[in-house]
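Here the sequence shown stands for residues -3 to 756, numbered as in my numbering. Backbone N, C-alpha and C fix where the C-beta goes; we use that ideal spot for every residue, glycine too. Below is one structure; the comments refer to it alone.
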Amino acid sequence: MRLLDGLEVTAREKRLKVARAILYVAQGTFGECGSEAEVQAWMRYNIFLLLEVGTFNALVELLNMEIDNSAACSSAVRKPAISLADSTDLRVLLNVMYLIVETVRQEAEGDKVEWKTMRQTFRAELGAPLYNNEPFSVMLFGMVTKFCSGHAPHFPMKKVLLLLWKTVLCTLGGFEELQAMKAEKREILGLPPLPEDSIKVIRNMRAASPPASASDLIEQQQKRGRREHKALIKQDNLDAFNERDPYKADDSREEEEENDDDNSLEGETFPLERDEVMPPPIQHPPTDRLTCPKGLPWAPKVREKDIEMFLESSRSKFIGYTLGSDTNTVVGLPRPIHESIRTLKLHKYTSIAEVQVQMEEEYLRSPLSGGEEEVEQVPTETLYQGLHPSLPQYMIALLKILLAAAPTSKAKTDSINILADVLPEEMPTTVLQSMKLGVDVNRHKEIIVKAISAVLLLLLKHFKLNHVYQFEYMAQHLVFANCIPLILKFFNQNIMSYITAKNSISVLDYPYCVVHELPELTAESLEAGDNNQFCWRNLFSCINLLRILNKLTKWKHSRTMMLVVFKSAPILKRALKVKQAMMQLYVLKLLKVQTKYLGRQWRKSNMKTMSAIYQKVRHRLNDDWAYGNGTTPTLCPWPLTCLIHWGWVEPKGVLIPGGICSLCPIAGQAGTWPGAQRASLIGIKRNRSLTYQMEAKHCMLGPVVSRRLSLHITDEGSCLDKDGALHAGREWHGWVKMEHCWLHLHPKDVGSSSRPSNCG
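Written out as structure tokens, the structure is:
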């Protein structure tokens, strides 16, 4: 308590001294410990003790003061070069807070009962709007945007992002908790349980051999030629030679296996590529290979829309008429069609997102009879409400930092400086110091990439479970901020070198460095790095970025075409060289969605990749991904764009209701699109996802066919001008031709104009 009182003194030096003392306590008072285990035990005990006396809330108040410290910000802006000394206070505070959040978040077997109660209370307080009427995560997001805007260049971004990641993880939960919440929500909505636990399935998957490159094929041809030459040797001499060299027989068998691998996918139990990373594996008898699981790992899925489309095409083919969305009447259809429908219904899967969209449509159809919508204030909902007003700025800021930390990015004068909390005041003067600083800088960037990728993935997954519109809103702004090309640029490098990078000095890791006597560091020891054969940190980052890319492009034709336009196929194929099952799975998913657009020649020359997709990625029945017969744009699985995010955006961000959005079908689409729909924005409402929406039925917007007045209409129904600012008819008006409809935009004081001649 005496230390806490010291945090309230006005003198900055005394406050910093007390904060350092609290940090020493939180780190386990290592000066009085003799082993690493003892340090960790005292760390846990001390942190719960600090939490009990209210240290975290006091630190949050101090952090708030440092954020609003205009003198420090203006001083940092004026300085030509920012170093570690400019962020000392902030780094001490963030260190203590990170230790508290990470330690309390993790459960241990020997935890006391009161510690478990404190953990639940701490999680609830951390996610509640108790800090300036907003959750603690929103405060950290504000630090990120302030840093990226240049108003606070001295903020230690690595520590801020790490604390943000652990805070989101603590308040919302990790993937296992997410899976449990998903199962519980499906049960509440009356949906059948999940066909399998995706976490367990991925854990049991084995990595596949990567597709052979041109150099590999040449090397294998040379090996094959050497083996044919050996066949001319007499068998007696060959046996005698094998007796003298017992490893020769194993080598020849290994060569045969490598050559057989050209045409088959042999599972690998090792996470990375054998030749570049792993030592030669121990030879096992051939019987071990029979223990691999048979069958496909995933149960196939079918959407209700797929069944409707299949029945519609079957009826029009055999009977000559359709029955709309009726999926039960099979009169007049042949017996094989009955069997097909039964199989499709057996594997029908209804997602939580589809149910949420149906509920929103029903509510908008009769808003008065539905009554006031009750929204459960779960931690995800509270966080979204805090993030929503400035969500675009938060996404842009995170992607800016991710771009600056990417190994492929080049240093530019106008880019943000993310090395402010790693560069010392005086630059190194010796080779050893320069090498150590180089390792620190690379490690610093890797940790930033890891934290940002984890934060984005966690938010996307939790928002999608809470409400699909929240997920779509966040994903939309990530796409607007060029997240897709940024991730592809990240992977456009030697990904094996990135995965196997050794940018760490193991003897300086905590608590090893404070318990043991440190050996003398030399240039040779720094070059050697640690004994790990790959970097889990970088592998984690790559998997997260691939999963984000999958989230953004799934069921979105225009975003899938971005993958094709940016030539992502060769970039993703190179990533398959990493022999880790989870990473390969998400690479193959991204390749699967674009195979039909890559052409027949690509599919013929990449049959090994096609086989891997078949073996490891979930099948959607009626999906002809491997053939490319139907390359017409596939619409969203649910009409998300029936609820268009139109709103008159003024410079101050005020939404003024009014105006008219008219939609009518293109000629020839009368069967798909009912008559022209008109919806007035006077009845605009704010739904649970906090997006302003209006009803405009059946406006499934496809890619833009033509543009006018620099107006860009996206498939999400948002309207961008040439500067990337959101508008909705306030400045632009006129007919804009879409793939499936004409869209008429005009301000509220303009009367309705006539339709184009080819409107239906």
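The beta-carbon separation of L329 and F314, rounded to 6 angstroms, stays under the 8 angstroms limit for a contact. Looking at the DSSP output, K344 bridges to V298.
In this structure, I303 is the residue among I303, G146, D619 and R543 with its C-alpha nearest to the C-alpha of R338. Of the residues assessed, T556 falls on the buried side of the cut-off, its CB having 16 or more other CB atoms within 10 angstroms.
Of the other Cβ atoms in all chains shown, 16 or more fall within 10 Å of the Cβ of Q23; this residue is therefore buried. Across the structure, E520 and K432 are spaced so that their CA atoms are roughly 11 angstroms apart. For E130, the three-state secondary structure derived from DSSP is strand. The three-state secondary structure of A204, taken from DSSP, is strand. A Cβ-Cβ separation of about 6 angstroms places K154 in contact with I443 under the 8 angstroms criterion.
Straight-line spacing of the CA atoms in L456 and M177 works out to 15 angstroms. Look at R614 here: in three-state DSSP terms it is coil, with no helix or strand label. Residue environment for M578: buried (at least 16 other C-beta atoms within 10 angstroms of its C-beta).
Distances from the CA of V49 to each of S537, D85 and L0 were compared; the closest alpha carbon is that of L0. Contact between V156 and M139 holds: CB atoms are separated by about 5 angstroms, below the 8 angstroms threshold.
For W532, the uninterrupted alpha helix (DSSP H) run begins and ends at W532 to T549, by DSSP. Looking from the CA of T496, the closest CA among E513, Q576 and P481 belongs to Q576.
In chain order, R40 place their CB closer than 8 angstroms to the CB of A104, counting only its own chain and leaving out the 5 sequence neighbours on each side. Per the coordinates, the alpha-carbon of K162 lies some 20 angstroms from the alpha-carbon of C531.
Exposure of K600 is indicated by the presence of fewer than 16 other C-beta atoms within 10 angstroms of its C-beta.
Spatial neighbours of S310 in its own chain (CB-CB distance under 7 angstroms, excluding positions within 5 residues in sequence) are listed in chain order as L329 and I333. About 41 angstroms separates the Cβ atoms of S336 and S449, ruling out a contact at the 8 angstroms cut-off.
The closest CA to that of H384, considering only M470, V445 and R570, is found on M470.
In this structure, A295 places its C-beta atom within 7 angstroms of the C-beta atom of P191. H440 and L482 have their C-alpha atoms spaced approximately 19 angstroms apart. A Cβ-Cβ contact shorter than 7 angstroms links I544 with L452. In terms of Cα proximity to K446, the closest of P403, N478, F476 and H473 is P403. In this model, T549 and E57 are separated by some 41 angstroms (Cα to Cα). Exposed is the label assigned to N128, since fewer than 16 other Cβ atoms lie within 10 Å of its Cβ. In this structure, L399 sits away from V164, with a CB-CB distance that is not shorter than 7 angstroms.
If you look at V100, you'll find it in the alpha helix (DSSP H) that goes T84 to R101.
Straight-line measurement puts the Cα of P363 at about 29 angstroms from the Cα of P188.
Residues of the same chain with a CB within less than 8 angstroms of the CB of E62, apart from the 5 flanking positions on each side, are A68, D85, L86 and L89 in chain order. When T113, N490, W38 and T51 are compared, the shortest CA-CA separation from K569 is found for N490. At a Cβ-Cβ threshold of 7 angstroms, L19 and V100 do not count as neighbours.
Here C166 is actually not in contact with L126; their C-beta atoms are around 15 angstroms apart, not less than 8 angstroms. The criterion of a C-beta distance shorter than 7 angstroms is satisfied by V613 and L584.
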